[in-house]
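Undergrad: Everything in the sequence shown is counted per the numbering used here, starting at 221 for the first residue and increasing by one.
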Amino acid sequence: MDMASLIALGVFALAALATASSGAVFTPDAWYRAMNKPSWTPADWVFPTVWTPLYVLIAASGWLVWREAGLAGAALPLAVYVIQLGLNAGWSAIFFGLKKPGLAFAEVLGLWLSIALTMILFWPISKTAALLLAPYLLWVTIASALNFQVWRMNAPGARARTT
């Protein structure tokens, strides 16, 4: 691997780390712990355990596309990739920071769509890169359903319940 490729890999890794830092800054607190949640809510320790390898896959995916097509050859796919990173970082700030589960649900739907679009745009360049994002899309699908349920169960007028 040449120096430019190593530097690019480092840039993609740093971008993923920067994205992950939002989840380290905006964490579950007493507000979240007091909320009604569905019975299938994972324990708090599951989230960093799952997200860590996902961020590695996200970084590797972007790097593979860059390595195959470069910035000029993959401008649109990499732009959408950067958008999904921004949406990923924004979710924790909205849900845990602003304490707005309804707005966070709308945002996570945008995240889901941006991941799916990134996969579609990556596919012609690198099928491997596109497939590396599949576990991420699956996890965000689960997170979206959980976000929706938490929002629904804690909406004004909602009775305490678990599903």
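Beta carbons are placed, not taken as given, at the ideal position from N, Cα and C, and that holds for glycine.
For the candidate residues L358, A235, I362, F267, whose alpha-carbon lies nearest to that of L298?
TA: Within the sequence shown, numbered from 1, the residue matching residue 298 stands at position 78. Among L358, A235, I362, F267, the Cα nearest to that of L298 belongs to A235.
Undergrad: On the three-state DSSP scale, how would you describe N256?
TA: To locate residue 256, count along the sequence shown from 1; it is residue 36. Coil at N256, not helix or strand.
Undergrad: If you draw a straight line from the alpha carbon of R372 to that of P258, how long is it in whole angstroms?
TA: Position 152 of the sequence shown, counted from the start, is the residue given in the question as residue 372. Position 38 of the sequence shown, counted from the start, is the residue given in the question as residue 258. R372 and P258: Cα-Cα distance of roughly 10 Å.
Undergrad: How far does the alpha helix (DSSP H) with I340 in it reach, from first residue to last?
TA: In the sequence shown, residue 340 corresponds to position 120, counting from 1. Run containing I340: 321-342, per the alpha helix (DSSP H) assignment.
Undergrad: If distances are taken between C-alpha atoms only, which option among N256, V300, V231, Y275 comes closest to Y356?
TA: Here the question's residue 356 lines up with position 136 in the sequence shown. The option with the nearest alpha carbon to Y356 is Y275.
Undergrad: Say whether the segment 274-289 touches the segment 344-351, bearing in mind that this needs 3 or more beta-carbon pairs closer than 8 Å, one atom from each stretch.
TA: Cβ pair count under 8 Å is three or more, so yes.
Undergrad: Measuring alpha carbon to alpha carbon, tell me which residue in A378, A289, E327 is nearest S225.
TA: Counting from 1 along the sequence shown, the entry for residue 225 is found at position 5. It is A289 whose Cα lies nearest to the Cα of S225.
Undergrad: On the three-pair Cβ rule with 8 Å, is the segment 335-342 touching the segment 252-269?
TA: The answer is no - the segment 252-269 does not touch the segment 335-342, with fewer than three Cβ pairs under 8 Å.
Undergrad: Compare the beta carbon distance of A313 and F246 with 8 Å and say whether it is the shorter of the two.
TA: On the sequence shown, position 93 is the one that residue 313 refers to. On the sequence shown, position 26 is the one that residue 246 refers to. Taking 8 Å as the Cβ cut-off, A313 and F246 qualify as a contacting pair.
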